[in-house]
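Report on the following structure.
There are 2 protein chains.
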Amino acid sequence: MESKKITIKDIARIAKVSHPAVSMALNNRPGVGEKKRQEIIKIAKQVGYHPNLVAKALVCNRSYTLGLIINNISDQFYTDLVKGVEKAADEIGYNIILCTTNESLNSQKKYLDILQSRGVDGIIISTVLARDPHISLLIKEQFPFVCINRVPLNRSLNNKVDYVILDNYSSGYKGMKHLWKLGHDRIAIITGSLNASNAIDSLEGAKGFLLEQRLKIDPILLREGNYSRREAYNATKQLIKLKKPPTAIFAHDDNMALSVREALLDSDLKIPEDIALIGIDNIEMGGLTGIDLTTISQEKNEMGYIGAKVLVKKIEKKAPIMVEKIVLGVDLIIRMTCGYSRYGYKR
Amino acid sequence: MESKKITIKDIARIAKVSHPAVSMALNNRPGVGEKKRQEIIKIAKQVGYHPNLVAKALVCNRSYTLGLIINNISDQFYTDLVKGVEKAADEIGYNIILCTTNESLNSQKKYLDILQSRGVDGIIISTVLARDPHISLLIKEQFPFVCINRVPLNRSLNNKVDYVILDNYSSGYKGMKHLWKLGHDRIAIITGSLNASNAIDSLEGAKGFLLEQRLKIDPILLREGNYSRREAYNATKQLIKLKKPPTAIFAHDDNMALSVREALLDSDLKIPEDIALIGIDNIEMGGLTGIDLTTISQEKNEMGYIGAKVLVKKIEKKAPIMVEKIVLGVDLIIRMTCGYSRYGYKR
DNA sequence: CTGAAAGCGCTTACAG
DNA sequence: CTGAAAGCGCTTACAG
């Protein structure tokens with residue numbers, strides 16, 4: 355009792371025309387008279403015709419589908435990114451196949467292969483590592499893709515990959531400057547995954563500011579947090595047990611900052627009285643009253659949105675052959691966790 | 355300079371066999387000698403063959419792709435749901451096309467059509483309305499789908515749709531009971547979208563408990579929040595301005611509860627001293643120190659996971675023809691926003 | 001403007 | 001076990 359799928363051949367039979375005529379009529383192409391066209395469209399509606407996009411994709415070699423590779427849907431940073439990509443995709447009539455790697459390189463490779471096999475027209479990848487082994491293959495195969503959030507750092511790929519990223523260097527720089535101006539000299543940093551460009555850049559930015567002040571970070575205050583809430587929590591617990599504990603912690607994303615906060619509060623430390631805290635990303639939850647996380651705002655939505663647009667431009671070859679490199683600006687968002695509102699800048 | 359896609363015909367030429375032989379070899383089917391099989395597999399690897407899943411889907415009428423329709427990726431409730439679906443899909447080798455409707459029925463219809471056209475093997479839909487106009491068509495067409503989170507309430511569809519939902523009635527009941535036992539008599543409710551079964555059931559549960567106590571809710575304390583943060587905020591502002599304001603607010607999801615909290619704090623009301631607050635869902639952010647939202651825990655992840663498994667069972671027809679109706683239990687999570695820890699139950 | 005043929009990259013079914 | 005044919009539902013290119 356399975357209801358058979360209705361195809362253009364069925365419609366052709368009813369309309370007494372050839373099936374290519376139906377195809378042309380439905381796709382608004384010349385090759386069929388206006389009267390016939392209207393008749394065919396009417397019949398298609400009546401019989402509830404759904405075009406088979408799989409067949410169409412096979413013959414046109416275009417699926418109007420994009421792959422999106424992210425790390426972790428539970429991290430609001432990625433949620434916002436997905437939202438931006440979806441908005442763009444919706445506007446231009448593409449659909450999204452969502453793939454989550456959980457920071458696994460094997461998983462990334464698996465999804466890259468699957469997405470290509472599934473005939474997506476291009477891939478938006480937010481999980482690339484600094485020395486990513488997969489990107490060069492995509493380039494060699496001339497498969498359309500765009501990096502967002504993170505870029506490969508191999509020199510040889512420098513002018514070959516389109517990307518849309520955040521100005522992570524400035525995020526690190528501005529966060530550090532804020533803490534320094536508040537009088538902090540002993541600042542711990544909990545970084546992202548240091549094999550990823552965004553984390554590397556944030557750290558460089560933080561160090562860059564210190565360098566300008568002829569300061570250096572005490573290596574014991576530098577912890578790799580891998581964007582993991584648990585690692586951030588544990589790192590914080592260790593940091594505050596130090597003989598000379600930090601007076602401030604700079605977590606290189608808000609997701610980790612929230613865990614740092616939990617760790618501090620669990621240890622009965624007051625923020626910012628006992629220790630200051632600043633994050634990066636400006637995720638929505640950081641702004642809740644009582645959290646009031648000072649942070650660096652980043653245009654996550656825009657990054658996804660623009661990334662998708664850049665990719666589709668490439669796919670549709672509407673632009674001349676060129677590589678687009680887009681860097682979105684960042685801003686300091688002062689809330690309560692650094693104590694600025696109470697003390698103001700000291701220097 | 356576009357690099358041509360490698361197909362089984364290319365491999366066939368190299369291996370000096372017919373292309374169906376290659377297909378059989380690569381799919382581990384009988385019909386080709388073991389030696390040849392190994393040779394073919396080796397060649398495929400060497401030339402970097404990616405099978406064209408679009409072609410495969412066309413001939414097999416199976417794409418190993420699932421559609422997932424949600425309302426709003428920014429709501430952590432849906433994020434968790436997506437995560438569960440993804441986990442199941444990953445385990446069984448399916449990919450997910452993600453569609454977001456933002457509570458728009460037109461959008462839901464659009465995506466339902468697109469997903470079918472795209473040849474997904476089935477659809478997981480979490481956005482169905484109580485009187486949903488689209489579900490009966492899916493049933494008529496015998497298109498595999500499963501409802502999660504929400505179900506249609508039309509009597510005629512009663513025994514025709516598979517679903518995995520939460521025990522929303524109990525969520526409403528348990529939340530109300532908790533507040534009542536703490537001594538509250540004037541409890542406001544901010545509901546979800548009352549054209550959706552989950553919101554209706556939660557409200558029924560809350561009313562159900564009151565009825566047992568021979569109590570009724572004052573209509574002025576009942577507000578439809580539509581799962582929107584803004585509406586919850588505004589509703590709260592109105593509620594506290596009432597001549598007889600409520601002593602407690604029961605928000606029918608945590609996302610709204612967080613906005614209620616903002617509205618209360620913005621009005622300098624203390625939680626729970628001035629007014630108690632309870633949500634539903636147990637989203638991660640509600641558990642942060644300083645938020646400490648009392649809530650009803652729900653197995654959002656499990657709902658997605660089981661939903662996907664039920665759907666695939668149906669698609670693969672491994673089970674006898676039957677309808678699965680699964681209801682997941684819920685639990686009261688006592689934290690700080692109702693003041694239980696300070697006062698204990700009064701009755 | 002109209003119709004019949006060829007083909008997208010696969011798999012299935014059927015001769016040898 | 002092996003090979004050639006047919007077909008999935010479409011679109012494109014080419015005769016009439």
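Quick note, the sequences are listed as chains A and B, same order. Just add 354 to the spot in the first sequence (first one is 1) and you have my numbering. Just add 354 to the spot in the second sequence (first one is 1) and you have my numbering. Beta carbons: idealized from backbone N, C-alpha and C, even for Gly.
Using the Cα positions of residue i and residue j, report the straight-line distance between them to the nearest angstrom.
i	j	result
A:G402	A:I360	8 Å
A:K363	A:A369	10 Å
A:I477	A:G438	15 Å
B:Q567	B:I423	39 Å
B:A411	A:H404	16 Å
A:E356	A:V436	Residue placement at A:E356 cannot be trusted, given a pLDDT of 44 that sits under 50; the coordinates are not used to answer.
A:V386	B:L452	37 Å
B:S461	B:Q430	21 Å
A:N609	B:K595	36 Å
B:Y694	B:I544	21 Å
B:V677	B:R485	20 Å
A:L631	A:M530	11 Å
B:K700	B:C692	12 Å
A:E457	A:E616	24 Å
B:K679	B:I502	10 Å
B:G421	B:E656	18 Å
B:V376	A:N512	39 Å
B:Q400	B:D444	27 Å
A:P573	B:Q652	43 Å
B:R696	B:K624	14 Å
B:F497	B:G661	16 Å
A:S372	A:A366	6 Å
A:E585	A:R577	9 Å
B:K389	B:P374	16 Å
B:E493	B:S510	First, the residue type needs correcting, since residue 493 of chain B is Ile and not Glu in the sequence shown. Distance between the alpha carbons of B:I493 and B:S510: 11 Å.
B:K463	B:P487	9 Å
Please tell me whether residue i and residue j are closer than 8 Å, where the distance is taken between their beta carbons.
i	j	result
A:L380	A:I395	yes
A:L647	B:I645	no
A:T601	A:R504	no
B:V500	B:V482	no
A:L309	A:H532	With chain A represented from 355 up to 701, any question about residue 309 of chain A goes unanswered, as that position is not in the structure.
B:T590	B:L548	no
B:R583	B:S613	yes
A:G562	A:Y523	yes
B:I554	B:V515	no
A:S417	A:V474	yes
B:I427	A:T433	yes
A:G640	A:A605	no
A:G526	A:G579	no
A:K663	A:A398	no
A:Y581	A:G546	yes
Thinking just about the alpha-carbon of each residue, which of the options is nearest to the one in residue i?
i	options	result
A:K598	A:A586, A:V474, A:L575 and A:D646	A:L575
A:Q470	B:N449, B:V677 and B:E457	B:N449
B:G658	B:R615, B:K591, B:L520 and B:H606	B:L520
B:K528	B:I660, B:L564, B:I637 and B:E670	B:L564
B:E627	B:I603, B:E440, B:V413 and B:D607	B:I603
B:E325	B:N425, B:G447, B:N426 and B:P384	Look at the range of chain B in this structure, 355 to 701, and you will see that residue 325 of chain B is not part of it.
B:K570	B:T455, B:W534, B:L459 and B:E495	B:W534
A:R472	A:A409, A:K668, A:K494 and A:Q392	A:A409
A:N425	A:T454, A:A442 and A:V413	A:T454
A:L507	A:M378, A:I650 and A:N552	A:N552
B:L491	B:R509, B:S480 and B:L466	B:L466
A:T649	A:L665, A:V684 and A:K464	A:V684
B:I479	B:R689, B:L665 and B:S510	B:L665
B:D635	B:Q592, B:I468 and B:I688	B:I688
Pull up the DSSP beta-bridge partners for residue i, would you.
i	result
B:S510	Note: B:S510 sits in no beta bridge, so no partner.
B:L682	B:L520
A:V500	A:I478
A:F604	A:I543 and A:I632
A:N449	A:T419
A:I395	A:I395 pairs with nothing; no bridge assigned.
B:T454	B:I424
A:I687	A:T649
In chain order, each alpha helix (DSSP H) run of at least 4 residues that lies wholly inside the segment 559 to 599 of chain A: 583 to 594
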